[in-house]
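First up is the structure itself, then whatever we jot down about it.
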Amino acid sequence: MPWTLAHPAAVLPLRRRHGWLPFLGLVIGSLSPDFGYHSGHFDAAKVAHSLPGLFVVCLPTGLAAAMLLLLFKPVLVELLPQPHRHALSTLGGARRWPGARELLALAAAVVVGAATHVVWDSFTHGYGLPVQHLPFMRALLVRVGEHDFRVYNTLQHASTVVGVTCLLVAYRRWLRRAPAAPAGADDGLDRARVLLLLACLGAAVAVAIPLAHAAAAESGSERLVSVIVVRTVIYATTFATLLYLAAALAWAARRRRA
Numbered sequence: 110m111p112w113t114l115a116h117p118a119a120v121l122p123l124r125r126r127h128g129w130l131p132f133l134g135l136v137i138g139s140l141s142p143d144f145g146y147h148s149g150h151f152d153a154a155k156v157a158h159s160l161p162g163l164f165v166v167c168l169p170t171g172l173a174a175a176m177l178l179l180l181f182k183p184v185l186v187e188l189l190p191q192p193h194r195h196a197l198s199t200l201g202g203a204r205r206w207p208g209a210r211e212l213l214a215l216a217a218a219v220v221v222g223a224a225t226h227v228v229w230d231s232f233t234h235g236y237g238l239p240v241q242h243l244p245f246m247r248a249l250l251v252r253v254g255e256h257d258f259r260v261y262n263t264l265q266h267a268s269t270v271v272g273v274t275c276l277l278v279a280y281r282r283w284l285r286r287a288p289a290a291p292a293g294a295d296d297g298l299d300r301a302r303v304l305l306l307l308a309c310l311g312a313a314v315a316v317a318i319p320l321a322h323a324a325a326a327e328s329g330s331e332r333l334v335s336v337i338v339v340r341t342v343i344y345a346t347t348f349a350t351l352l353y354l355a356a357a358l359a360w361a362a363r364r365r366r367a
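Numbering-wise (my numbering), the sequence shown opens with residue 110 and increments by one.
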């Protein structure tokens, strides 16, 4: 499947400065169909990748994730080095709980974002309607060992690369336009922040690889390499996120005691 974190690229064209759909909701929504994969609830993730799942799975989980981000944004961005810390801390203005109208707009944005994810996946998975009804989508491009690279599953990998590239370019452009951090905003701890982030990433990968091998062996799948790669990506993304959350909370707690 396309990497979960590539999916927000699909909502970039929907971002408008005065648009009524909150960009936070669009981004969270574009990630929400895969939440089940990263929490070990694969059955829920399968439901989420369907029309009913947009409302019964993606909407409640997406809203919950958005609310948690709004609530803990100051803590989460504090672990980032400059200029990212200042730029993201000022994003969205002062923290406040959304009212009824804002909550409705946030819910709509989550559903729209989730829909972009499901549509994207429908072109990159064998179960997708475009793949089932368009023969050229199933055309064999090349066979490498036990792996058949057809149009649709080749799009999984290609669209991940394109999506991540688009996100990096868009973020870099946005960061250049963001207000500069005021004088004195650098607390001299950015080196420690970077080292901590790298440690989280390295630990996540180190834990993910053996777990992915174990899961692949247990599955008994003939496509052993594919299972290992997919599970490694899922586990590494999950553990990196959890380690970042834990590190951010620990960093904030230590800063408060200092």
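Quick reminder that beta carbons are idealized off the backbone N, C-alpha and C, glycines included. None of the values given here were measured: they were computed from a predicted structure.
(Q) Distance check for L298 and G162, CA to CA, integer angstroms please. (A) 43 Å
Q.
Going by DSSP in three states, F258 sits in which element: helix, strand or coil?
A. strand
**Q.** Classification of T274 by the beta-carbon crowding that lies within 10 angstroms, buried from 16 upward
**A.** exposed
Q.
Just verifying my parser: in three-state terms, what is the DSSP assignment at L249?
A. strand
Q. So, A357 versus L185, is the Cβ gap smaller than 7 Å?
A. yes
**Q.** Cβ-Cβ separation, L130 to V221 (assumed contact under 8 Å), whole Å
**A.** 6 Å
Q) What first and last residue would you give for the alpha helix (DSSP H) that runs through R363? A) L333 to R366
**Q.** Buried versus exposed, by CB contacts within 10 Å (16 or more), W206
**A.** exposed
**Q.** Option in G128, S148, V339 and V120 with minimal Cα separation from F88
**A.** What is shown of the chain runs 110 to 367, which leaves residue 88 out entirely.
Q) Thinking C-alpha only, which one of R302, S141, W283 and F181 is nearest V166? A) The candidate whose alpha carbon is nearest that of V166 is S141.
Q) Is the CB-CB distance between G171 and V219 below 7 Å? A) yes
Q: Could you give the DSSP three-state label for T199: helix, strand or coil?
A: Three-state DSSP puts T199 in coil, outside helix and strand.
**Q.** Which of helix, strand or coil DSSP assigns to E187
**A.** coil
Q.
How far does the alpha helix (DSSP H) with T113 in it extend, from its first residue to its last?
A. Element bounds for T113: n/a, residue is neither H nor E.
Q) With DSSP run on the structure shown, which of helix, strand or coil describes D295? A) Of the three classes helix, strand and coil, the one that applies to D295 here is coil, per DSSP.
Q.
Please classify H256 as buried or exposed, where buried requires at least 16 other C-beta atoms within 10 Å of its C-beta.
A. Under this definition H256 is an exposed residue.
Q) Given 8 Å as the limit, is there contact between the segment 233-244 and the segment 257-264, that is, 3 or more CB pairs closer than that? A) yes
Q. Skipping 5 residues on each side, what residues in its chain have a beta carbon closer than 6 Å to that of L320?
A. These residues qualify, in order along the chain: Y344.
**Q.** Residue environment, V251, which counts as buried when at least 16 other CB atoms sit within 10 Å
**A.** exposed
(Q) At the level of alpha carbons, what is the spacing between A209 and A312? (A) Each residue's Cα considered, the two are about 41 Å apart.
Q | Status (buried if at least 16 other CB within 10 Å, exposed otherwise) for A223 | A | Result: buried.
Q: Could you have a look at P131 and say whether DSSP puts it in helix, strand or coil?
A: Annotated three-state conformation of P131 is coil, per DSSP.
**Q.** Endpoints, the alpha helix (DSSP H) within which W229 is located
**A.** Looking at the DSSP string, the run of the alpha helix (DSSP H) that includes W229 is A209 to S231.
Q. Measuring CB to CB, does H195 end up less than 7 Å from A290?
A. The beta carbons of H195 and A290 sit closer together than 7 Å.
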